[in-house]
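Engineer: In mature numbering (1 follows the signal peptide of the UniProt record, and there is no 0), the protein residues as written are -18 to -1, 1 to 1195.
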């Protein structure tokens, strides 16, 4: 390899090593890898990674790739790679493209391809855990699954790739990219599809078996809190918090969004089903519902059916009958153990009856005082609750007869006693209740003694006579039942007679005999035409004697007597029955008045009023009318009027017809008229405070306001009156009726229209300026609580309670239906607007919204935008720049007073900057240590909070240069110093150069001062290079010699001062000298072309400068002409080793960085040497060309002077 080839080879290597790097990327499992080319022998690279356009520090790595983990956390990742000893930047920014979507949706994905293949296909790949091709695009066709994908790009050869994925599933998540080769599946430039699925169906966990009154916690738990694919995206959000929604009986629990639902358990919770959903991007399916199992004991027992107790709160029951069935229940959870016991009054003990809650089929006897139901709570055996049924056992034993104190008498025994002696008879009947005891004599059962106050009947015959011999009977006998009353019912007239039905309640044992009842008229005559029936009632020994008596129609009936066994049982007055009364009604202002005819001379009437079919007691009324107030409280009102001395009923029932409607609605009203006039009009009236006719109906026409009313009855003569009122207003309320005369407006039989209007628009009252943490009460108040007409209906509901609905930010507050809303105030309440409506039948307009003004101090200050602090938590800022704008905010209410101050490091004091929250346009200097924001709470001057921005002030002053201890150097000053004098360094000619003192600081413009040092150097040979001699061409008897002499000099040498002296000491005049500046400081190349005579011995030639020898060159005789290749000498590259310098640096203990800097300087020097060699080669070419030109010129001169030999010379050439 010759010298020129060697230079060219090294020049190629230098180019390859210093050229730009080509960087490519790959996306694999959420990580981005960067790859670059370069010399395999380069041991390391320096690189800087930028995240979201924010650069980080430099790294040194071996190899030619670098991976950024979890790239989906960023919007972009940039890289800058530098080759050792090459400050060139090789940059690339990777944009992290990602699209998020939900399952079952469709999504469009797009990117820009670098090119579209002219031939072949462009393949789109989907990569998750494996990769697969999904779309193949050609210049004229697309291959894809049309049910899943749709390709949008047009024309098909467009590099704007766009397609749609339909009906997304979690499997569609992953990385999408395209290209012509398989490796495009994971190369950079694609798009990540992130698919959000519903969280897993949650489960509700918690102890649902809990005592009433205790707190319960239910937890909504998802087995997978994140339901997003691909997995490498999901693992970046492992703690992504879910929100939750709770439901009770499928209704959302407002405000319950925590994972745990806390409840104070009551008994009613057992009726509720609780479920929940989890919400991430999507809402999960509902959990399976759970039912809380509240544990509690019973407050009381319930026996059903409810026992029919008497006045003494005892259950009457006959001895020998069975009791029940009665079911005893206790509201316990878990269920109580239920048992029945009875108490024996003889022993006082309790005995088992039933081991469940059902009491049935137990035979009652007189020793049973009560039945007791016992509920035993299984979790707590010490707890029990009881309920008693106390009995009133009815029994009646056979009479026991005793005479003369202690001698018993048996049934049908014949007692032998002595005449004229006394006989004491004692009849004892053991029974409950106390019986009526009678002592009968003879077959006619004449009663000779009777008592109903004791169980003993005592009778004494003081002097027995033979006539006292007879059959005696002791019985428990009959009496009138005082609990009920005798009822008399007027029957029908039969000819000149009338029937009377009389019901007489009695008590008897044995049962009474109907044939023994008789009726006696006021004159004492027996009435034979009677029919008597006996009916057993539910009362013990109680019967209802019903008699149908046919009485003569006479002027005065008088007092009739009812007898049993000839003994008067009761007396009943029966008076003459008068004629029927005609009753009419009127409806006036909500009251119904009843009117009836009758003899004006009759001073009073008896009447009874029934409301809703419930009869009330009889009244004595003077006059012939009666008014029932507030008739709209009832559905019907019935009246029964009797004239004095006439038991005839005169009954009338008034049906209270009312229809309710809402304003702006329509309503239909109808009734049945008693008749429709054959001639004239049937007029429909509306009466509220006044009456007015609204519709006139005749046989062939109707007159009405068609915008307000519509008449429906057909034919028009129908007595079924029906019409419609449109667009109801409160004025339409009132009484509607019809007829042929004006008085029909208030007559009975009409309909009341009740119109419900919205309650008045409410107002919200309450102190809304309240400290955080305190309770607040807002009250929803209506000026008119009732908005219903007519007034006589509204006054019946003065205390009708309204219900209320509360809203926060137009969303209903679930469960808040009270007039007063109670809140525990938090800061967030300031963002809410509260409004309310009231509801009666209709809902009012929404109240004007009010805002709560929670009062609180600030926990912290917020400075925005957030200062970009460095690693030392300081804000880097350049001196002379303005800071901000920064806005300091404090979440106070009322607002805090905001100020800004700065701290001066010189004085240590604080000085005002701004009297508001805005810090802007304040110039920074190096004495400012920090800026302080101060928030002062106006209600409490002792409260304040601060936030500091600590500064890192960057500043850079002009460099100050001094040489030789105290001599200043000014900008661009040329410093003249003498060679071999000291200038903090030992000076050489090579030290001459332009020097720059530069100050640099990150983020600041550099400062510099430039000066030049020129070292004066006398001309001398450059020892780094050698003198080169190039043999030229022969010119006649002479020859050319080219000599290149490397020199160092400052100031630059003058070519005219170079001279050549031959070996004989003679000056050679035929020389040409050229001066070439090289890259070395003060280095020059002196090129001389000398024409020497062709002699046998040349000798030693001398080169002089300013007459002083510079160097000597021996030139010998040339044997023959040299070829062109021989005329070129070998070029030598002399490099200066810096090994000794490096050793000096290391021995001086300097850092490795300094060694590296020296190494770089060495490589730069070698690089410069190579370039100088290239220039030197170029100079040699130019010098040879000059020699040729000189040779040719001299040759032409010779030819011109020697014309005779010119042809032979030309021929030789």
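Backbone N, C-alpha and C define an ideal beta-carbon position, used for all residues, glycine too. Just so it is clear, the structure is predicted and the values come from calculations on it, not from any experiment.
In the DSSP output, what is residue 487 paired with across the bridge?
Structural biologist: Paired residues: 526.
Engineer: Please name the residue or residues paired with residue 859 in a DSSP beta bridge.
Structural biologist: In the DSSP output, where bridge partners are listed per residue, residue 859 has 935.
Engineer: Roughly how many angstroms lie between the CA atoms of residue 11 and residue 199, to the nearest whole one?
Structural biologist: Going from the Cα of residue 11 to the Cα of residue 199 covers about 41 Å.
Engineer: What is the DSSP secondary structure of residue 92, reduced to helix, strand or coil?
Structural biologist: Note: residue 92 maps to strand in three-state DSSP.
Engineer: Please name the residue or residues paired with residue 633 in a DSSP beta bridge.
Structural biologist: Paired residues: 622.
Engineer: Distance check for residue 173 and residue 2, CA to CA, integer angstroms please.
Structural biologist: Those two C-alpha atoms are separated by around 28 Å.
Engineer: When the Cα atoms are used, what is the spatial distance from residue 371 to residue 490?
Structural biologist: So the two alpha carbons sit approximately 27 Å from each other.
Engineer: Between the segment 696 to 712 and the segment 608 to 617, do three or more beta carbon pairs fall short of 8 Å?
Structural biologist: The segment 696 to 712 is not in contact with the segment 608 to 617.
Engineer: Around the C-beta of residue 836, are 16 or more other C-beta atoms found within 10 angstroms, so that it is buried, or is it exposed?
Structural biologist: Classification of residue 836: buried, given that the 10 Å Cβ count is 16 or more.
Engineer: Going residue by residue through the segment 393 to 432, where are the continuous beta strand (DSSP E) segments of at least 3 residues, counting only ones entirely within it?
Structural biologist: 405 to 410 and 418 to 423, all fully within the segment 393 to 432.
Engineer: Is residue 959 a contact residue of the ligand NAP, with contact defined as CB to any heavy atom under 7 Å?
Structural biologist: For the structure depicted, the ligand NAP is absent and the ligand set is empty, with no information on it obtainable.
Engineer: Taking the C-alpha atoms as reference points, what is the distance between residue 1101 and residue 1053?
Structural biologist: Low local confidence applies: a pLDDT of 42 at residue 1101 is under 50, so the model's placement there is unreliable, and no value is given.
Engineer: Where do the ends of the alpha helix (DSSP H) carrying residue 214 lie?
Structural biologist: Residue 214 -> alpha helix (DSSP H) spans 213 to 216.
Engineer: Which residues in the same chain as residue 861 place their Cβ atom closer than 7 Å to its Cβ, once the five residues preceding and following it in sequence are excluded?
Structural biologist: Excluding positions up to five away in sequence, the list reads 906, 907, 908, 935, 936 and 937.
Engineer: Are residue 290 and residue 271 closer than 8 Å when you measure CB to CB?
Structural biologist: The answer is no: Cβ separation not under 8 Å.
Engineer: Can you tell me where the beta strand (DSSP E) with residue 773 in it begins and where it stops?
Structural biologist: From DSSP, residue 773 is part of no beta strand (DSSP E) but of the alpha helix (DSSP H) over 773 to 776.
Engineer: Check for me: the beta strand (DSSP E) holding residue 121 runs from which residue to which?
Structural biologist: Taken as a continuous stretch (DSSP letters only), residue 121 belongs to no beta strand (DSSP E), as it is neither H nor E.
Engineer: In this structure, does DSSP put residue 503 in helix, strand or coil?
Structural biologist: Residue 503 falls in the coil class under three-state DSSP.
Engineer: Please report the Cβ distance between residue 485 and residue 457, rounded to the nearest whole angstrom; I am assuming they are in contact, meaning their Cβ atoms lie under 8 Å.
Structural biologist: Their Cβ separation, rounded to whole angstroms, is 25 Å, which puts residue 485 and residue 457 out of contact at 8 Å.
Engineer: Considering residue 203, what are the terminal residues of the beta strand (DSSP E) in which it resides?
Structural biologist: It spans 197 to 203 - the beta strand (DSSP E) in which residue 203 sits, taken as one unbroken run.
Engineer: When you compare the segment 577 to 592 with the segment 649 to 664, are there three or more beta-carbon pairs, one atom per stretch, that lie closer than 8 Å?
Structural biologist: The segment 577 to 592 vs the segment 649 to 664: no contact.
Engineer: Looking at C-alpha atoms only, which residue of 409, 437 and 445 is the closest neighbour of residue 401?
Structural biologist: Taking only the C-alpha atoms, the option nearest residue 401 is 445.
Engineer: Helix, strand or coil for residue 54 per DSSP?
Structural biologist: Reduced to three states, the DSSP call for residue 54 is helix.
Engineer: Leaving out the 5 sequence neighbours to the left and right, which residues in its chain are closer than 6 Å to residue 844 when beta-carbon positions are compared?
Structural biologist: Same-chain partners within the cutoff: 871.
Engineer: What did DSSP end up calling residue 613 once you bin it into helix, strand or coil?
Structural biologist: Residue 613 falls in the helix class under three-state DSSP.
Engineer: Find the nearest neighbour of residue 232 within the set 997, 259 and 374, judged by alpha-carbon distance.
Structural biologist: Comparing Cα-Cα distances from residue 232 to each of 997, 259 and 374, the minimum goes to 259.
Engineer: Below 8 Å, can you find three or more Cβ-Cβ pairs linking the segment 179 to 194 to the segment 273 to 291?
Structural biologist: With the cut-off at 8 Å, the segment 179 to 194 and the segment 273 to 291 touch.
Engineer: Report the partner residues of residue 160 according to the DSSP bridge assignment.
Structural biologist: Its beta-bridge partners are 106.
Engineer: Could I get the ranges of all uninterrupted beta strand (DSSP E) runs contained in the segment 308 to 343, with 3 residues as the minimum, in chain order?
Structural biologist: 308 to 312, 319 to 326 and 332 to 336, all fully within the segment 308 to 343.
Engineer: Taking just the CA atoms, how far does residue 911 sit from residue 884?
Structural biologist: The straight-line gap from Cα to Cα measures roughly 7 Å.
Engineer: Note the first and the last residue of the continuous beta strand (DSSP E) segment covering residue 132.
Structural biologist: Note, residue 132: beta strand (DSSP E), 131 to 133.
Engineer: Would the beta-carbon of residue 72 fall within 8 Å of that of residue 23?
Structural biologist: The answer is no: Cβ separation not under 8 Å.
Engineer: What did DSSP end up calling residue 817 once you bin it into helix, strand or coil?
Structural biologist: In the structure shown, residue 817 sits in a strand (DSSP, three-state: E or B).
Engineer: Restricting to Cα atoms, I'd like to know which of 792, 809, 818 and 810 is closest to residue 801.
Structural biologist: Selected option, being the one with the closest Cα: 818.
Engineer: Measuring straight from C-alpha to C-alpha, what distance separates residue 415 and residue 564?
Structural biologist: Cα to Cα, the separation comes out at about 49 Å.
Engineer: On the three-pair Cβ rule with 8 Å, is the segment 824 to 836 touching the segment 739 to 754?
Structural biologist: With the cut-off at 8 Å, the segment 824 to 836 and the segment 739 to 754 touch.
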